[in-house]
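Down below is the structure, laid out as structure tokens.
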Amino acid sequence: MTKAAETRGAAKPLFSYRKHWAHRFGVAPFLPMSRAEMETLGWDSCDIILVTGDAYIDHPSFGMAIIGRLLEAQGFRVGIIAQPDWRDASAFRALGKPNLFFGVTSGNMDSMVNRYTSDRRLRHNDSYTPGGEGGKRPDRAVIVYAQRCREAFPDAPILLGGIEASLRRIAHYDYWSDKVRRSILFDAKADLLLYGNAERALVEVAHRIAKRGMAQDFSDIRGVAFTRDATPEDWIEASAEDIDEPDEGRMRKDAQSETVVIRLPAFEQVANDPESYARASRVLHRESNPGNARPLTQRHGTRDIWLTAPPIPLTMAEMDGVYDLPFARAPHPSYTQPIPAWEMIRHSVTIMRGCFGGCSFCSITEHEGRIIQSRSEGSILKEIETIRDKTEGFTGIISDIGGPTANMYRLACKDRETEALCRRPSCVYPDICKNLETSHDSLIQLYRKARAIPGVKKVMVASGVRYDLAVKSPAYVRELVEHHVGGYLKIAPEHTESGPLSKMMKPGIGSYDRFKRLFDAAAQAAKKQYFLIPYFIAAHPGTSDEDMLNLALWLKKNGYRADQVQTYLPSPMALSTAMYHSGFNPLKPVRRGASEKVDAVKGLRQRRLHKAFLRYHDPENWPVLREALKAMGRADLIGPGKHHLVPGWQPVGTGKGGEGRRIGQKGARTQSREFRTNGLRSRSS
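Sequential numbering of the sequence shown, starting at 7, is according to this note's numbering.
Written out as structure tokens, the structure is:
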């Protein structure tokens, strides 16, 4: 066995640490949010205070609840400051100074994705806030919260975590400001950043700080980022920063893997050279397998950001331990209004984490990893029984049993050593890897046992089904259709054309067609009228106007009329974001003069045209589509026939809406605007 493969199993068990002395206080009904609650528990202080942009819901679907209960299980006294008023530091003094550190997160969602649409419009609602009210968290919440914590208690250590920090751990393109920003660790002026699934790193860090304080070396802990002056002398640098050279930081044959760090192009370099940005993105994603990944370092001015190798995934026993923690499974009692996110997930069960799909536009793999972490059957069934017995309003329906995907439960590489050596960005693209175990037998058995629990009427599958995997198991499709679908099943082919699909790392539309045949046959055999609802993305990098036209024609041919459509949003650190910003393809080698170019749809007008193709049936979109079709030389698709895409007539009172109000805009724009279609100019009102 290789040293990399041995490393996979070298992690200290999550629940094997000697508990901190404060464990004598026992388990809190809810983690305290006020001094009064602390006093009731007999606390004079908190060891750790978690600051989050979400309302506090003590349920394992919410990151702060998991982290808080896990730290409590280690013996620490944990308080929570949820959705504080960030305009001054007083709210951050509510629980006093933490004995060990502040843990700061934006919440379950990136604050910018939470607050703005893909067209950079302000959202007016927030599912993670009581009453669904918007505006209860600031832009770039992690930075703002960290700064207020520092104002409140200047000498208290600050640790960053959660998806917002995780996806900004190195220099990254920021869609909302349209520039490359430095690592969030610098802007937040924090002491340490924990990325990915952080349980393992956080427990180790917390115990170390409790023993020796913050002034110590954390470089042997996986999944952390910190700053340092330079690379230590006992490390060997593998350079990936010179994009005139083909070397992308590959390991030297004469170097020991445990002493090699890869130097990424510096912040100043990637901020001014898009091709260097694409190189940095490619290398970071290549170094994502815990079995073979090496530390990364990136210069920011006079300091380096240092990323240790990704965290080792939790074992099944550790996953069970995390989800079996004593959650109250309810919002904090101080809330008087319903919280939409809680209403949506209160009767759902998470059975696994991670995704090996590797879709280039998605941040799941960057955050949770490509190795699937599954819970045991017993732990999942026990949670369903808990929902039945203790969750208010349960009517016998489990609303979802899944995770990032519905059908990757217990799927893994057939060989651990092969898995440890692999650098493929996806296990299922361009084809399903021959080394991937694709049997759905364990999942089918779980479904059957779950729906057999007394008091459970139906177990729904609302998580996305990876249909190219599902076709490998017709028995799974039959089980899904006969027992776990409620009329509609949402799946995400994302597009029909090979150009954008190759940039998304998604299978061809033929995989969807094969799944649909199995789905329809199973529905017919069960004598049920069920339908597939496919999801698509508009304006993804690599998508041409002709691609969107062909997709619209496919939708019309198949009788689909999308009510809600998704325009591509470049989230930090995703591979598609590197394509959007740089114009180069990081899925292929990046070298000056030899990089593959990618066209990105950036103009607001053009992005809305692509979105309009997805909603070809909406009369509001007909004027812009008619103009585009004429400019593309496809006026033959304008008319009243079934083979036409849009009619030549316009219903009274439609098609005159402007582009809508954008942030900072006093009124909607109604004046004539110019847009390009495949290099041609046209006028549109």
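Backbone N, C-alpha and C define an ideal beta-carbon position, used for all residues, glycine too.
Item, Value
"Just to confirm, are Asn295 and Cys428 a CB contact at a threshold of 9 Å?", "yes"
"Could you compute how far the alpha carbon of Ser245 sits from the alpha carbon of Ile176?", "16 Å"
"Identify every residue that forms a DSSP beta bridge with Tyr693.", "Since the displayed the chain opens at 7 and closes at 691, residue 693 lies outside it and no answer follows."
"What ranges does the alpha helix (DSSP H) occupy inside the segment 275-339, keeping only unbroken runs of at least 4 residues that lie completely in it?", "280-292, 322-329"
"Could you name the residues of the same chain whose beta carbon sits closer than 6 Å to that of Leu3, not counting the 5 residues immediately before and after it, in chain order?", "Any question about residue 3 goes unanswered here, given that the chain covers just 7 to 691."
"Indicate whether Arg30 and Ala100 have their beta-carbon atoms separated by less than 9 Å.", "no"
"The beta strand (DSSP E) that contains Glu500, what's its start and end?", "494-500"
"List the endpoints of the continuous beta strand (DSSP E) containing Pro540.", "537-544"
"Starting from Leu442 and walking both ways along the beta strand (DSSP E), at which residues does that stretch end?", "Where Leu442 is concerned, there is no enclosing beta strand (DSSP E), given that its DSSP letter is neither H nor E."
"Count the other CB atoms within 10 Å of the CB of His649; is the residue buried (16 or more) or exposed (fewer)?", "exposed"
"What residue range does the beta strand (DSSP E) around Thr58 cover?", "54-58"
"Rounded to whole angstroms, what is the Cα-Cα separation between Leu106 and His338?", "24 Å"
"If you run the structure through DSSP and keep just helix, strand and coil, what is Val571?", "coil"
"Would His353 and Thr397 be called neighbours here (beta carbons separated by less than 9 Å)?", "yes"
"Identify every residue that forms a DSSP beta bridge with Gln2.", "Here the chain comprises residues numbered 7 to 691, so residue 2 is not present and cannot be evaluated."
"Could you tell me which uninterrupted beta strand (DSSP E) segments, each at least 3 residues in length, are contained entirely in the segment 45-89, listed from first to last along the chain?", "54-58, 84-88"
"For Tyr566, I'd like the list of residues in its chain whose CB is within less than 6 Å of its CB, leaving aside the five on either flank, ordered along the chain.", "none"
"What do you get for Pro160, buried or exposed, if any count of 16 or more other CB atoms within 10 angstroms of its CB means buried?", "exposed"
"Check Phe525 in the structure and name its three-state DSSP category.", "helix"
"Kindly list the residues whose CB is nearer than 7 Å to the CB of Ile450, restricted to its own chain and excluding five residues on each side of it in sequence; keep chain order.", "Ala481, Tyr482, Glu485"
"Are there 16 or more other CB atoms within 10 angstroms of the CB of Glu78, so buried, or fewer, so exposed?", "buried"
"Taking the straight line between their C-alpha atoms, what separation do you get for Asp197 and Ala158?", "16 Å"
"Mapping the DSSP letters down to three states, classify Asn556 as helix, strand or coil.", "helix"
"Please classify Val491 as buried or exposed, where buried requires at least 16 neighbouring CB atoms within 10 angstroms.", "buried"
"Give the straight-line distance between the Cα atoms of Gly408 and Leu559, rounded to the nearest whole angstrom.", "33 Å"
"Ends of the alpha helix (DSSP H) at Phe159?", "Neither: Phe159 is in no alpha helix (DSSP H) and is coded neither H nor E."
"So, are the CB atoms of Ile438 and Leu475 less than 9 Å apart?", "yes"
"Using the three-state DSSP reduction, which class does Leu270 fall into: helix, strand or coil?", "coil"
"For a test of the three-state rule: what should DSSP assign to Ile459, helix, strand or coil?", "coil"
"The alpha helix (DSSP H) that contains Leu486, what's its start and end?", "480-489"
"According to DSSP, is Ser380 helix, strand or coil?", "strand"
"Under the assumption that Pro431 contacts His291 (Cβ atoms under 8 Å), give the Cβ distance between them as a whole number of angstroms.", "6 Å"
"Using CA atoms only, rank isn't needed, just tell me which of Ser112, Thr135, His26, Ala17 is closest to Ile63.", "Thr135"
"How would you label Gly647, buried or exposed, when you count the other beta carbons within 10 angstroms and need 16 or more for buried?", "exposed"
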